[in-house]
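Numbering (UniProt numbering), first residue to last: 1 to 227.
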């Protein structure tokens, strides 16, 4: 009998540019990343409608396919998710390289004199209402504690915020928050862009990890993975 828990993953390009070519520039890579994120969010919604996830059993206790769910559709959806996750992981590696190359290029350019100084923002966070026409970002962690006067508190992070992006970490590649810890350790003293759901708002924060702020760790908050 075929193992219905192990889907066969189809092959095929999923990160090609608009003209069918492999994305190379940072802008093209970002568009490809957003395309994959949108499709993954839609596929996740398909699983949600069946009340299953990537690990839910598809057979009854005696080994027969469950009759209360669409097993073929779930298998196809899971296979596509696995395929896209692999593509996404490879794409994020390319984006990291492209970002580093861009910073290196900018650093090598001579500075041009300016007549005006940039104004300092009055807040290190921005927010916008979630658009009904765009796929909702998928949270992968929840804030269940924020220490007063910590880097997290200064950035504007709040208890019950649902993290959808932490630097380059998303729900697809956070690896049980290991990616978040790695990003924090690599960016001490440098701002990390964090996006979170706060009610119907999508909030963007600039969180700068640092030591010696008077508490434990470099953030001063506690994150737990969302189920």
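Built from N, CA and C at the ideal position, the CB exists for glycine as well.
Straight-line Cα distance separating residue j from residue i
i: residue 205; j: residue 159; result: 14 Å
i: residue 201; j: residue 195; result: 10 Å
i: residue 228; j: residue 173; result: Only positions 1 to 227 of the chain appear in this structure, which leaves residue 228 out of reach.
i: residue 121; j: residue 222; result: Because the pLDDT at residue 121 is just 42, under 50, the model does not fix this residue reliably, and the value given afterwards should be weighed accordingly. Roughly 27 Å between the two C-alpha positions.
i: residue 63; j: residue 46; result: 24 Å
i: residue 80; j: residue 215; result: 44 Å
i: residue 168; j: residue 50; result: 30 Å
i: residue 117; j: residue 191; result: Because residue 117 carries a pLDDT of 41, less than 50, the predicted location of this residue cannot be relied on, and no value is offered for it.
i: residue 182; j: residue 224; result: 16 Å
i: residue 219; j: residue 72; result: 44 Å
i: residue 23; j: residue 199; result: 35 Å
i: residue 87; j: residue 180; result: 20 Å
i: residue 171; j: residue 212; result: 30 Å
i: residue 66; j: residue 48; result: 16 Å
i: residue 100; j: residue 141; result: 27 Å
i: residue 166; j: residue 96; result: 14 Å
i: residue 56; j: residue 69; result: 11 Å
Where residue i sits in the DSSP three-state scheme
i: residue 65; result: strand
i: residue 143; result: strand
i: residue 30; result: helix
i: residue 117; result: Because the pLDDT at residue 117 is just 41, under 50, the model does not fix this residue reliably, and the value given afterwards should be weighed accordingly. Residue 117: coil per DSSP, three-state reduction.
i: residue 76; result: helix
i: residue 105; result: helix
i: residue 49; result: helix
i: residue 130; result: Any reading at residue 130 must be qualified, since the residue scores a pLDDT of 47, below 50, and its modelled position is unreliable; the value itself is stated next. It is coil, neither helix nor strand.
For residue i, the nearest candidate out of the options (CA to CA)
i: residue 42; options: 84, 153, 148 and 217; result: 84
i: residue 98; options: 165, 51, 25 and 214; result: 25
i: residue 189; options: 217, 94, 203 and 82; result: 217
i: residue 44; options: 58, 63, 56 and 138; result: 138
i: residue 32; options: 58, 94 and 76; result: 94
i: residue 175; options: 226, 207 and 213; result: 226
i: residue 82; options: 48, 40, 57 and 149; result: 40
i: residue 154; options: 161, 187 and 207; result: 207
i: residue 187; options: 157, 166, 209 and 193; result: 209
i: residue 30; options: 87, 101 and 91; result: 91
i: residue 76; options: 141, 58, 34 and 171; result: 58
i: residue 89; options: 141, 48, 34 and 143; result: 34
i: residue 156; options: 74, 203 and 166; result: 203
i: residue 143; options: 70, 197 and 68; result: 197
Burial state of residue i, where buried means 16 or more other Cβ atoms lie within 10 Å
i: residue 185; result: exposed
i: residue 178; result: exposed
i: residue 54; result: exposed
i: residue 151; result: buried
i: residue 61; result: exposed
i: residue 164; result: buried
i: residue 37; result: buried
i: residue 105; result: exposed
i: residue 161; result: buried
i: residue 78; result: buried
i: residue 148; result: exposed
i: residue 193; result: exposed
i: residue 27; result: exposed
Runs of beta strand (DSSP E) lying entirely within the stretch 143-224, each at least 3 residues, in chain order: Here the runs fully enclosed are 162-166, 192-198 and 201-207.
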